[in-house]
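Per numbering that gives the first Met the number 0, the sequence shown starts with residue 0, numbered consecutively.
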Amino acid sequence: MRKPRDFDSELKALADKAKQLKERRVRDLGALVTATGADALDADVLAGALLDAAANTDKAIGEGWRKRGAAFFQGKQRKTSSGPREEPEGTLPLGGGAASA
0 MRKPRDFDSE LKALADKAKQ LKERRVRDLG ALVTATGADA LDADVLAGAL
50 LDAAANTDKA IGEGWRKRGA AFFQGKQRKT SSGPREEPEG TLPLGGGAAS
100 A
């Protein structure tokens, strides 16, 4: 005869795992903010920039951000050809950027 499954303990284990994954994601995002230098921005500015990025529907702008992010994670330092901005690689523009309305 098979042992009956303890659904309550399985659900609790899944809930604990989901909580751990969520906490890890929050820590990873915090580390990303720090690594990019965005922790120097006011919380309002950072939130506004992230909201603009999340609402972006222009695929060309999104692709530019993707390439810049990939270069940041690969540790490449290169000049951007999209304009006269002089921010260090991996930082958010202080005065808004291409996503500002």
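The C-beta atom is built at its ideal place from N, Cα and C for all residues, glycine as well.
Cα-Cα separation between residue i and residue j, rounded to whole angstroms
i     : j     : result
Ala39 : Arg65 : 22 Å
Asn55 : Gly47 : 12 Å
Phe6  : Met0  : 18 Å
Leu20 : Leu13 : 11 Å
Leu49 : Lys2  : 50 Å
Ala42 : Val32 : 11 Å
Leu10 : Arg4  : 11 Å
Beta-carbon separation (whole angstroms), residue i vs residue j, contact threshold 8 Å
i     : j     : result
Leu45 : Ala37 : 6 Å
Thr35 : Phe71 : 7 Å
Which ranges would you report for the alpha helix (DSSP H) in the region 0 to 34 if only whole runs of at least 4 residues count?
Assignment of alpha helix (DSSP H) within the region 0 to 34, counting only whole runs of 4 or more residues, yields no such run.
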